[in-house]
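> Just dropping this structure here.
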Amino acid sequence: MTGPEIPDSHPRYESLLTRHRIEAGVDRGLTSRQGLIAQGRGEAFDYLLGEETIPSADNAERAAAAHLLRADHAVLSVNGNVAALVPDEIVTLATATGADIEVNLFNRTDERIERIIAHLEEHGAEDVKGATADGRIPGLDHERAKVDADGIGAADVVLVPLEDGDRAEALAAMGTTEVVVDLNPMSRSAQSAAVPIIDNLIRAVPNMTEHARELAGADEATLSSIVDGFDREATLAAAEERIRDL
Ligand code: PTJ
255 MTGPEIPDSH PRYESLLTRH RIEAGVDRGL TSRQGLIAQG RGEAFDYLLG
305 EETIPSADNA ERAAAAHLLR ADHAVLSVNG NVAALVPDEI VTLATATGAD
355 IEVNLFNRTD ERIERIIAHL EEHGAEDVKG ATADGRIPGL DHERAKVDAD
405 GIGAADVVLV PLEDGDRAEA LAAMGTTEVV VDLNPMSRSA QSAAVPIIDN
455 LIRAVPNMTE HARELAGADE ATLSSIVDGF DREATLAAAE ERIRDL
């Protein structure tokens with residue numbers, strides 16, 4: 255993907271680069287047009303958060319890394335926005351944590367699933383799941399419920415960035431531990447997550463990898479104490495407070 259001609263001294267460099275990536279994702283048939291709207295909603299919250307990883311989000315990213323490392327079977331769920339924004343970073347996180355990658359779409363078409371799988375493979379991913387769709391998330395309508403039975407269907411921990419609320423709630427109801435990345439602390443997906451990460455995906459994913467690398471040698475007891483010590487309510491409250499106080 256070629257970059258736009260934006261000088262990196264531009265005060266909104268990161269935000270403009272992100273927009274360009276989403277636009278290019280739509281042009282390449284990876285990202286849905288609704289993904290553009292989702293991006294706009296996210297940008298508004300990011301602006302209010304100060305466009306930085308606040309300390310409570312960094313702490314949530316550490317807890318997420320501990321969950322992914324401790325899991326029996328962790329899966330990173332990828333949609334059209336994730337594929338456009340952080341393809342390299344998702345592959346790196348999967349490698350650092352031993353997680354699988356599965357494409358799981360809100361606006362699902364077989365063509366877009368195949369394109370996103372090929373795109374992730376170009377970025378170094380192997381054995382990307384999502385095309386089989388032989389499992390179902392109970393309590394959801396047909397298209398959104400489709401998962402691989404040996405992927406998200408069998409996972410104990412799932413990272414679901416930019417999720418829609420219904421599916422996030424249905425996954426949580428299945429007993430799957432859900433790590434959600436969403437810039438809106440009031441969204442239903444953030445509210446239903448075991449670990450809500452209120453941060454921009456483009457900062458959150460590399461930071462989770464950094465934490466995972468730091469924790470790679472940690473024993474089970476250390477990982478469990480990080481997981482057990484995580485306070486989801488305090489994390490949501492800290493983000494909301496930052497937004498209201500700005
Ligand atoms: O690729 P598909 O078909 O699976 O569709 C994906 C989208 C994102 C279009 C779909 O899930 C959707 O419509 O999502 P929503 O309901 O618009 O929710 C998107 C949420 O993600 C909102 O709460 C945004 O604030 C948040 N968001 C947007 N961009 C980012 C973000 N959160 C973190 N990082 C971002 N870059």
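Per my numbering, the very first residue in the sequence shown carries number 255; after that it's consecutive. Built from N, CA and C at the ideal position, the CB exists for glycine as well. Owing to the predicted nature of the structure, the values given are computational and were not obtained by experimental measurement.
How is ARG390 classed by DSSP in three states: helix, strand or coil?
Residue state, collapsed to three classes: strand.
> Is it true that the segment 354–369 meets the segment 330–342, where meeting means three or more beta-carbon pairs spaced less than 8 Å apart?
Between the segment 354–369 and the segment 330–342 there are three or more inter-stretch CB-CB distances shorter than 8 Å, so the stretches are counted as touching.
> State the start and end residues of the unbroken alpha helix (DSSP H) segment that holds ALA292.
287–303
> Hey, would you say the C-beta of ALA292 is under 7 Å away from at least one heavy atom of ligand 1?
yes
> Between which two residues does the beta strand (DSSP E) holding SER331 run?
328–332
> Check whether the Cβ atoms of ALA422 and VAL433 sit closer than 8 Å, and answer yes or no.
no
> In angstroms with no decimal places, state the Cα-to-Cα distance between ASP262 and ARG273.
About 14 Å.
> By the three-class DSSP mapping on this structure, what secondary structure does ASP420 have?
helix
> Return yes when the C-beta of GLU417 is under 7 Å from any heavy atom of ligand 1, and no when it is not.
yes
> In this structure, how does DSSP classify ILE480 when only helix, strand and coil are distinguished?
Note: ILE480 maps to helix in three-state DSSP.
> Is GLN288 near ligand 1 - that is, is its Cβ less than 7 Å away from at least one heavy atom of it?
Taking non-hydrogen atoms of ligand 1 into account, the C-beta of GLN288 is found less than 7 Å away from one of them.
> Could you have a look at LEU270 and say whether DSSP puts it in helix, strand or coil?
helix
> With DSSP as the reference, please indicate the residues paired to ASP354 in a beta bridge.
VAL329
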